[in-house]
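Undergrad: Just so you know, the sequence shown maps onto residues 327 to 512 in our numbering.
Note that the Cβ used here is the ideal one computed from N, Cα and C, for glycine as well.
The structure displayed is predicted, hence computed values, not measured ones.
The following block contains the structure, expressed as structure tokens.
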Amino acid sequence: MRISVPLAHAYRLLNHGPLTLISSAHADQRNIMAAAWAMPVDFQPPKVAVVIDKSSHTRQLIEASGHFVLALPGQQLAHTVLQLGSHSGRDIDKFAAFGLHGASAEHGGGLLLDGCAAWLECKILPEPAMAERHDMFLAEVLAAWADDQAWCDGRWTFADPALRTLHYVAGGQFFVTGDSLVIEQS
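Written out as structure tokens, the structure reads:
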């Protein structure tokens, strides 16, 4: 079940460096792409940075709508993630082609994709030089959620191993988030 994550803890959803899916929508178009380069950059208000190539269909939709959703897929979606990263949304409707479903984002501009461990709804902040020079977008997190089988009391728990997040290397190789190690501070 999807549970709300306080915005003060939104950075924790990305702090372990997982692969993400970026979904976007504008007018009658929608798309979703795999993105390994996403990170938290601020706490209050929470902000993230993502890198999206100029040629990407997702980027065009994000620039038009000003919004996107970052989703953290679990290992159960690894094959789908590879497919999403291997096809252009200009050529196919990835949602239909790969049987993707989910809830519409509350703030518009994307989908809360089923089967993910967490979701962050984001609004682009105007930083045209970063986007033009480095393909990097800075965005404010407007809302955040996690699956209650992966997140509890402000921490990742991954009670359901299928929701362990992915880390992409290259050539179809992924790592899956492993065991937690908690060290008490003295």
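Check T346 in the structure and name its three-state DSSP category.
TA: Position 20 of the sequence shown, counting from 1, holds the residue named residue 346. Correct three-state label for T346: strand.
Undergrad: Taking all protein chains shown into account, do 16 or more other C-beta atoms lie within 10 angstroms of the C-beta of R481, making it buried, or fewer, making it exposed?
TA: As a first step, residue 481 must be located in the sequence shown, where it is residue number 155. The residue is exposed, with fewer than 16 neighbouring Cβ atoms inside 10 Å.
Undergrad: Please identify the residue among E510, L507, D461, F484 whose C-alpha is closest to the C-alpha of P399.
TA: Along the sequence shown, one-based indexing puts residue 399 at 73. Out of E510, L507, D461, F484, F484 has the C-alpha closest to the C-alpha of P399.
Undergrad: Assuming H493 and G392 form a contact by the criterion Cβ under 8 Å, report the distance between their Cβ atoms to the nearest whole angstrom.
TA: The sequence position of residue 493 within the sequence shown is 167, counting from 1. The sequence position of residue 392 within the sequence shown is 66, counting from 1. The Cβ separation is near 29 Å, so there is no contact.
Undergrad: Confirm, please, whether the CB-CB distance from S381 to G435 is below 8 Å.
TA: In the sequence shown, residue 435 corresponds to position 109, counting from 1. In the sequence shown, residue 381 corresponds to position 55, counting from 1. Not in contact: G435 and S381 (Cβ atoms no closer than 8 Å).
Undergrad: Less than 8 Å between C-beta atoms, sequence neighbours within five positions excluded: which residues of the same chain meet that for A334?
TA: Counting from one through the sequence shown, the residue named residue 334 turns up at place 8. So the qualifying residues of the chain are F369, Q370, P372.
Undergrad: Could you pull out every residue in the same chain whose Cβ sits closer than 8 Å to the Cβ of L433, ignoring the five residues on either side in sequence?
TA: Reading the sequence shown from its first residue, position 107 is the one you call residue 433. Residue 433 is actually His in this sequence, not Leu. Counting only Cβ-Cβ distances below 8 Å, and skipping sequence neighbours, we find H393, E447, K449, L468, A469.
Undergrad: Just list the beta strand (DSSP E) runs in the segment 478-506, keeping only unbroken ones of 3 residues or longer that don't cross its boundaries, in chain order.
TA: Qualifying beta strand (DSSP E) stretches, in chain order: 492-496, 499-502.
Undergrad: Since I329 contacts W445 with CB under 8 Å, what's their CB separation in whole angstroms?
TA: Sequence index remark: in the sequence shown, residue 329 carries index 3 (1-based). Sequence index remark: in the sequence shown, residue 445 carries index 119 (1-based). I329 to W445, Cβ: 11 Å. No contact.
Undergrad: Which residues mark the beginning and the end of the beta strand (DSSP E) in which E447 is found?
TA: To locate residue 447, count along the sequence shown from 1; it is residue 121. Unbroken beta strand (DSSP E) run through E447: 442-450.
Undergrad: Sorted by chain position, which residues of the same chain lie with C-beta nearer than 7 Å to L352's C-beta, five sequence neighbours on each side aside?
TA: Working through the sequence shown from its first residue, we reach residue 352 at position 26. Correcting the residue identity first, residue 352 is His in this sequence and not Leu. If we look at H352 and ignore the five residues flanking it on each side, its Cβ neighbours are L387, A390, S391.
Undergrad: Below 8 Å on the Cβ atoms is my guess for F424 versus T406; work out the distance and round it to an integer in Å.
TA: If you number the sequence shown from 1, residue 424 lands on position 98. If you number the sequence shown from 1, residue 406 lands on position 80. The Cβ separation is near 5 Å, so the contact holds.
Undergrad: So, at 7 Å on beta carbons, what are the nonlocal neighbours of A472 in its own chain, with the 5 sequence-adjacent residues on each side left out?
TA: Here residue 472 is taken as the residue at index 146 of the sequence shown, counted from 1. Around A472: I329, V331, L339, A443, A444.
Undergrad: Around the Cβ of V367, are there at least 16 other Cβ atoms within 10 angstroms (buried) or fewer (exposed)?
TA: Stepping through the sequence shown from its first residue, residue 367 is reached at position 41. Exposed: under 16 other Cβ atoms inside 10 Å.
Undergrad: What residue does the alpha helix (DSSP H) around S391 start on, and which one ends it?
TA: On the sequence shown, position 65 is the one that residue 391 refers to. It spans 383-391 - the alpha helix (DSSP H) in which S391 sits, taken as one unbroken run.
Undergrad: On the criterion of 16 or more Cβ atoms from any shown chain inside 10 Å, does L507 qualify as buried, or is it exposed?
TA: Sequence index remark: in the sequence shown, residue 507 carries index 181 (1-based). Per the 10 Å Cβ criterion, exposed.
Undergrad: Rounded to a whole number of angstroms, what is the C-alpha to C-alpha distance between S430 and L396?
TA: Along the sequence shown, one-based indexing puts residue 430 at 104. Along the sequence shown, one-based indexing puts residue 396 at 70. Cα-Cα distance, rounded: 13 Å.
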